[in-house]
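Input: a single structure, listed below in structure tokens.
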Amino acid sequence: MTYHKAKKVVIIAEKMLTEKICDIIESSGARGYTVVPAGGKGAHHRHFTSERASVVDDFATVRIEVVVSDKAIAESIGNKVVEECFGNYSGIIYLEDVEILRPAKFSGEGD
Amino acid sequence: MTYHKAKKVVIIAEKMLTEKICDIIESSGARGYTVVPAGGKGAHHRHFTSERASVVDDFATVRIEVVVSDKAIAESIGNKVVEECFGNYSGIIYLEDVEILRPAKFSGEGD
Amino acid sequence: MTYHKAKKVVIIAEKMLTEKICDIIESSGARGYTVVPAGGKGAHHRHFTSERASVVDDFATVRIEVVVSDKAIAESIGNKVVEECFGNYSGIIYLEDVEILRPAKFSGEGD
């Protein structure tokens, strides 16, 4: 099997933004995404906790990842999430290079 | 300390496939893996939800990651999971370049 | 918007080490981190399970990720966690290249 270059977008955001972010991802042409509940601390989490021990069990944030074949789509998702979701909320976004099998699974162009 | 090039394999699959995927990973020579419960939506999730809000709390999928020193092992894990697990089920796999400390922890060649 | 090169550090460790690792991250100059509960098996998990099926629901480990603008900070976090936390405990650390928006969010130099 052949591995193909693709881009992963990772978005760490407050849980309440999940639906809005999923809307942006779905309308971008991506065919799927994965959501993991997360805790944390810092500049990208509005939810500061004074007790350190609680960060592990505090799921006020989500970690959403989406893999797309096209770098331009990845950047567009990142830009839109920052512009439309992070004005009043904290959050971070980063892109990574990945290699995928079955690239048709990641674009809107059939299976 | 010195960082060494290695490959990470990420597998996002239906939860019921976890045991089969772990068998493939363990028999590949990898020395460990990490499993995180996940929700999501899309072409790589059989479990389509009509209600968006539920994707965060729906843990029908798992995100499994494994780091191996050898690119060929990473690709072999990817190939086998697609061939043996994804025939009747949806799921995605991607590889990433990583840098690791203590490479002996990631191969079968001692500590 | 412009994407900037940065480094991600991923630490997979026993849950009881979370507070100590968070101390190292916070004192490094990183402005935030994300913690996800995880299960798993292998050389990097002290908690070996004899029953495979339990790995998914066993959250004895955590997956901590932190993104920093500076490669030297990323390596320093990795080195310190290995030296100060992994002497008596198992765990793995790896670095990845990422591209970020809004780099000021990831350093200690203002917003």
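Protein chains in written order, with numbering that gives the first Met the number 0: chain A, 0 to 110; chain B, 0 to 110; chain C, 0 to 110.
Backbone N, C-alpha and C define an ideal beta-carbon position, used for all residues, glycine too.
Beta-bridge pairing of residue i - partner residues as DSSP gives them
| i | result |
| --- | --- |
| proline 102/A | Answer by DSSP bridge pairing: none, since proline 102/A is not bridged. |
| threonine 1/A | DSSP output for threonine 1/A lists no bridge partner at all. |
| lysine 119/A | Past the boundaries of the shown model lies residue 119/A; chain A is included only from 0 to 110, so the question cannot be answered. |
| glutamate 25/C | Glutamate 25/C pairs with nothing; no bridge assigned. |
| lysine 40/A | Tyr32/C |
| serine 12/C | According to the sequence displayed, residue 12/C carries alanine and not serine. In DSSP, alanine 12/C forms a bridge with Val61/C and Gly90/C. |
Host alpha helix (DSSP H) of residue i (start-end)
| i | result |
| --- | --- |
| alanine 71/C | 70-84 |
Length of the line joining the Cα atoms of residue i and residue j
| i | j | result |
| --- | --- | --- |
| glycine 86/B | methionine 15/B | 14 Å |
| asparagine 78/A | glutamate 25/C | 28 Å |
| glutamate 18/C | valine 9/C | 15 Å |
| isoleucine 72/B | glycine 39/A | 33 Å |
| glycine 31/B | isoleucine 99/B | 14 Å |
| valine 58/A | threonine 60/C | A quick correction: the sequence has phenylalanine, not valine, at residue 58/A. So the alpha carbons of these two residues sit roughly 16 Å apart. |
| phenylalanine 105/B | isoleucine 11/C | 13 Å |
| valine 35/C | isoleucine 63/C | 6 Å |
| tyrosine 93/B | aspartate 22/C | 32 Å |
| tyrosine 88/A | glutamate 74/B | 39 Å |
| alanine 29/A | isoleucine 76/B | 25 Å |
| threonine 33/C | lysine 70/B | 28 Å |
| valine 66/C | valine 97/C | 8 Å |
| isoleucine 91/A | glutamate 95/C | 16 Å |
| isoleucine 20/B | histidine 3/A | 22 Å |
| cysteine 84/B | serine 27/C | 42 Å |
| alanine 5/C | alanine 37/A | 21 Å |
Buried versus exposed, by CB contacts within 10 Å (16 or more), residue i
| i | result |
| --- | --- |
| histidine 44/A | Legend: pLDDT at histidine 44/A = 45, less than 50; position of this residue unreliable, no value from coordinates given. |
| threonine 1/C | exposed |
| alanine 103/B | exposed |
| glutamate 82/C | exposed |
| lysine 127/A | In the structure displayed, chain A extends from 0 to 110; residue 127/A sits before or after that span and is not available. |
Cβ of residue i within 8 Å of any chain D Cβ
| i | result |
| --- | --- |
| valine 34/C | The chain labelled as chain D is not found among the protein chains of the depicted structure, namely A, B and C. |
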